[in-house]
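Chemist: Here it is: the structure, laid out below.
Residue numbers (the numbering used here), protein chains in the order written: chain A, 17 to 375; chain B, 17 to 375.
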């Protein structure tokens with residue numbers, strides 16, 4: 017390590033990255049061999065290998081089996097007409113609706129759409145973005161994984177920008193990356209609407225079940241607090257059940273069960289997803305609670321209708337899909353250069369899981 | 017799979033576990049060979065192997081290289097006089113203080129203390145508890161990993177209970193396991209004291225930085241809310257910065273920076289650890305904010321004094337260590353059988369990072 021605290025391989029990586037950025041190493045060009053690089057920069061082959069692996073990881077260089085290392089060629093003039101959609105779960109109903117909207121726009125313009133699932137796993141997201149750089153796509157749409165947690169591969173997004181590949185965040189965005197192009201659901205409004213509805217139906221003891229590691233949960237919680245504040249109901253943090261990706265199927269019920277065991281007179285429960293709502297209703301039924309007579313349940317989800325009769329907040333995904341596709345195409349064709357920051361309002365549908373309380 | 021939805025190997029595992037629990041298979045006894053078990057239960061060897069691996073995982077059976085599988089022998093009459101302390105980070109100053117208190121008690125009674133770090137990793141915690149079952153310990157003290165997330169290896173704790181090995185949670189406890197023996201810090205009170213102190217010093221716009229995946233953060237947040245409520249300052253969820261294990265070094269500053277960029281007049285910041293406080297002060301200094309003239313900073317930690325001059329909430333770890341050791345020894349020697357649920361109050365030390373605001 018030198019006195020700036022950087023290792024030799026890190027410094028070499030920076031030198032080579034600079035050479036790529038200023039065009040000394042050309043797009044698509046074959047790099048010197050490991051031995052040649054070691055000689056040129058007076059470092060060991062081990063150092064060269066570590067520097068190269070960083071460059072590969074960040075998407076500046078691609079290793080081709082038996083042929084050597086190449087500077088990635090992103091400056092082809094002709095477009096590939098391929099777009100990648102990276103979502104948490106590609107089989108979900110919400111994504112199917114989103115696709116309906118997107119495809120209409122994309123196919124009209126002759127674009128092909130590739131879809132991959134990250135399973136809400138940050139490492140998979142990183143992997144697919146790296147792969148996307150090799151596959152030469154024209155644009156990228158990402159539903160970020162664990163979007164309340166600071167992005168660990170911000171560098172890869174910088175690489176995308178460097179190569180002029182537009183990308184668009186949907187559903188959520190990483191903290192500190194809000195200045196990027198994004199089309200977000202108005203989760204604040206979703207939390208607000210759900211809570212206000214229950215309050216207007218005479219509920220006061222309202223439990224909120226929110227995810228603490230995605231943007232959606234954090235924002236819905238803010239809307240929940242706002243709705244209480246507006247009518248002067250005081251906020252009780254005990255009424256909030258925070259769940260995490262790891263315990264999302266267990267924590268909501270453990271939290272509700274604990275409140276009921278402590279004789280908290282829960283009147284309504286706002287669930288971040290309809291699956292949580294469904295699980296809760298099953299468990300509440302087992303212990304003899306009636307929905308909506310004893311407790312009202314309200315769900316939140318990307319689309320309506322997965323859980324019949326559930327009172328819920330949802331979004332019109334097909335419309336979102338159309339917007340996403342149109343904006344990305346404009347970005348690709350340089351028809352739109354300013355940053356996009358669009359907020360989609362939620363809708364409320366009233367089912368049979370909520371009921372007016374007599375005060 | 018049969019009609020109850022359980023696989024063959026799962027059913028076999030349950031049958032064998034039952035045989036161990038009711039004494040048909042004796043403690044320390046060698047099990048039948050895989051072939052013999054396959055014949056006896058009319059299943060394939062593959063099924064036997066999967067059932068055995070579950071039993072090994074849950075600590076009922078131990079595999080001895082070249083000798084076969086044995087039912088774990090936990091009923092030896094003589095004690096091993098060994099205790100395992102499982103903490104997140106064994107080199108931490110807090111653990112050193114805790115040890116000072118524990119060792120005094122343990123050595124007096126002739127006990128040996130083994131210490132392992134989980135690095136706040138649930139899988140490591142599971143691994144060390146499994147290993148502990150083989151090493152034949154008399155008792156276990158655990159600082160749980162990610163203690164706000166539902167425990168994924170609850171079964172292992174049940175195995176410990178079955179073998180009559182007392183265990184004690186310290187610092188935090190998993191949701192749904194609060195009925196277990198535990199000695200907890202009063203994190204609620206810590207959040208309350210810190211916030212009340214800042215309020216009394218004339219602060220109103222108080223930012224709280226809390227961890228959303230440990231018990232400590234969730235409880236401190238509750239105390240923070242209570243302190244605001246008592247004096248009628250309304251709660252703004254925007255003032256809470258939730259961080260996670262994964263982004264604990266980045267998120268606090270990203271959150272504070274965003275608030276300042278949006279011209280929120282932050283007057284005080286409560287940090288869950290002194291390391292976060294230190295990092296924040298460094299970054300605030302870079303952008304020209306003076307501590308405590310512009311912003312007061314208050315820390316929370318297990319022990320005092322790691323950060324000189326920092327106003328902070330801390331606990332007397334040495335005293336906790338003494339209590340932990342005494343209680344565990346009583347449990348081991350059956351002098352104390354009722355469940356222990358002890359709460360340790362925090363202390364406030366006033367340093368030079370907070371200052372009275374003129375209203």
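The beta-carbon is built from N, C-alpha and C at its ideal position, and this holds for glycine as well.
As the structure is a prediction and not an experimental result, all values here were calculated from the model.
I'd like the ranges of any beta strand (DSSP E) spanning at least 3 consecutive residues and lying wholly in the segment 36-72 of chain B.
Modeler: Here no run is fully enclosed.
Chemist: Determine whether the Cβ of residue 267 of chain B lies closer than 8 angstroms to any Cβ atom of chain A.
Modeler: yes
Chemist: Just to make sure I have the definition right: I need the residues of chain A whose C-beta is within less than 9 angstroms of the C-beta of residue 229 of chain B. Which are they?
Modeler: 228, 229, 258, 260 and 262
Chemist: Looking only at its own chain, which residues have a Cβ that is under 7 angstroms from the Cβ of residue 209 of chain A, when we skip the five neighbours before and after it?
Modeler: So the list reads 329, 362 and 364, once near-sequence residues are dropped.
Chemist: I'd like the ranges of any alpha helix (DSSP H) spanning at least 4 consecutive residues and lying wholly in the segment 297-336 of chain B.
Modeler: none
Chemist: With 16 as the cutoff for other CB atoms within 10 Å, does residue 378 of chain B come out buried or exposed?
Modeler: The structure shown has nothing for residue 378 of chain B, since chain B only spans 17 to 375.
Chemist: List, in order along the chain, the chain B residues whose C-beta lies closer than 7 angstroms to that of residue 245 of chain A?
Modeler: 250
Chemist: Is the segment 113-121 of chain A in contact with the segment 329-343 of chain A, if contact means three or more CB pairs nearer than 8 angstroms?
Modeler: By the Cβ criterion, the segment 113-121 of chain A is in contact with the segment 329-343 of chain A, since at least three pairs of Cβ atoms, one from each stretch, lie closer than 8 angstroms.
Chemist: Just tell me which of A:144, A:234 and A:221 has its CA closest to the CA of residue 202 of chain A.
Modeler: A:234
Chemist: Does the distance from the C-beta atom of residue 297 of chain B to that of residue 313 of chain B stay below 8 angstroms?
Modeler: Using a Cβ distance threshold of 8 angstroms, residue 297 of chain B and residue 313 of chain B count as a contacting pair.
Chemist: Report all residues from its chain with a CB closer than 8 angstroms to the CB of residue 355 of chain A; omit the five preceding and five following residues, and keep chain order.
Modeler: 195, 196 and 197
Chemist: Which residue wins for smallest C-alpha separation from residue 109 of chain A, given the options A:353, A:332 and A:351?
Modeler: A:332
Chemist: Determine the DSSP secondary structure at residue 17 of chain B, reduced to helix, strand or coil.
Modeler: With a pLDDT of only 49 at residue 17 of chain B, under the threshold of 50, the placement of this residue in the model should not be trusted, and no figure is reported.
Chemist: For residue 352 of chain B, does the three-state DSSP call read helix, strand or coil?
Modeler: coil
Chemist: Expressed to the nearest angstrom, what Euclidean distance is found between the alpha-carbon atoms of residue 242 of chain A and residue 256 of chain A?
Modeler: Looking at the two C-alpha atoms, the distance is approximately 14 angstroms.
Chemist: DSSP state of residue 363 of chain B, grouped into three classes?
Modeler: strand
Chemist: How about residue 237 of chain B: is its C-beta nearer than 8 angstroms to some C-beta of chain A?
Modeler: yes
Chemist: Tell whether a beta-carbon distance below 8 angstroms holds between residue 156 of chain B and residue 129 of chain B.
Modeler: Taking 8 angstroms as the Cβ cut-off, residue 156 of chain B and residue 129 of chain B do not qualify as a contacting pair.
Chemist: Please look up how many angstroms separate the CB atoms of residue 344 of chain A and residue 99 of chain A, rounded, as I've assumed it's under 8 angstroms.
Modeler: 7 angstroms
Chemist: With a threshold of 8 angstroms between beta carbons, is residue 191 of chain A in contact with chain B?
Modeler: yes
Chemist: Would you mind listing the beta strand (DSSP E) stretches within the segment 82-166 of chain A that are 3+ residues and don't spill past its ends, in chain order?
Modeler: Taking only runs of at least 3 residues, the beta strand (DSSP E) segments lying wholly in the segment 82-166 of chain A are 84-87, 98-103, 128-133 and 155-158.
Chemist: Just checking: is the beta-carbon of residue 223 of chain A within a distance shorter than 8 angstroms of some beta-carbon in chain B?
Modeler: no
Chemist: Taking the beta strand (DSSP E) that residue 183 of chain B falls in, what are its first and last residues?
Modeler: 183-186
Chemist: Under 8 angstroms between beta-carbons, which chain A residues line up against residue 165 of chain B? List them in chain order, please.
Modeler: 260, 262, 263 and 267
Chemist: Between which two residues does the alpha helix (DSSP H) harbouring residue 215 of chain A extend?
Modeler: Here the alpha helix (DSSP H) through residue 215 of chain A covers 203-216.
Chemist: Out of A:212, A:259, A:253 and A:77, state which residue places its alpha-carbon closest to the alpha-carbon of residue 246 of chain A.
Modeler: A:212
Chemist: By Cβ distance below 6 angstroms, which residues in the same chain neighbour residue 25 of chain A in space, the five residues on each side in sequence not counted?
Modeler: 63, 66 and 67
Chemist: For the segment 298-312 of chain B, enumerate the residues whose C-beta is nearer than 9 angstroms to any C-beta of chain A, in chain order.
Modeler: none
Chemist: Return helix, strand or coil for residue 286 of chain A, following the three-state DSSP convention.
Modeler: Note: residue 286 of chain A maps to strand in three-state DSSP.
Chemist: Out of A:171, A:351, A:320 and A:48, state which residue places its alpha-carbon closest to the alpha-carbon of residue 111 of chain A.
Modeler: Ranking A:171, A:351, A:320 and A:48 by CA distance to the CA of residue 111 of chain A puts A:320 first.
Chemist: Going by the CB atoms, is the gap between residue 181 of chain A and residue 199 of chain A shorter than 8 angstroms?
Modeler: Judged by beta-carbon spacing, residue 181 of chain A lies beyond the 8 angstroms limit of residue 199 of chain A, meaning their Cβ atoms are not closer than that value.
Chemist: I need the boundaries of the alpha helix (DSSP H) containing residue 272 of chain B, first residue and last residue.
Modeler: 267-277
Chemist: So with Cβ pairs under 8 angstroms, would you call residue 253 of chain B a contact of chain A?
Modeler: So yes, residue 253 of chain B belongs to the interface.
Chemist: Mark residue 226 of chain B as exposed unless 16 or more other C-beta atoms lie within 10 angstroms of its C-beta, in which case mark it buried.
Modeler: buried
Chemist: Find the residues of chain B that neighbour residue 241 of chain A, judging by a C-beta separation of less than 7 angstroms, and give them in chain order.
Modeler: Those are 251 and 253, listed as they occur along chain B.
Chemist: Can you give the beta carbon distance from residue 300 of chain A to residue 315 of chain A, rounded, assuming they're within the 8 angstroms contact cut?
Modeler: Contact between residue 300 of chain A and residue 315 of chain A does not hold, since their C-beta atoms are separated by about 14 angstroms, which reaches or exceeds 8 angstroms.
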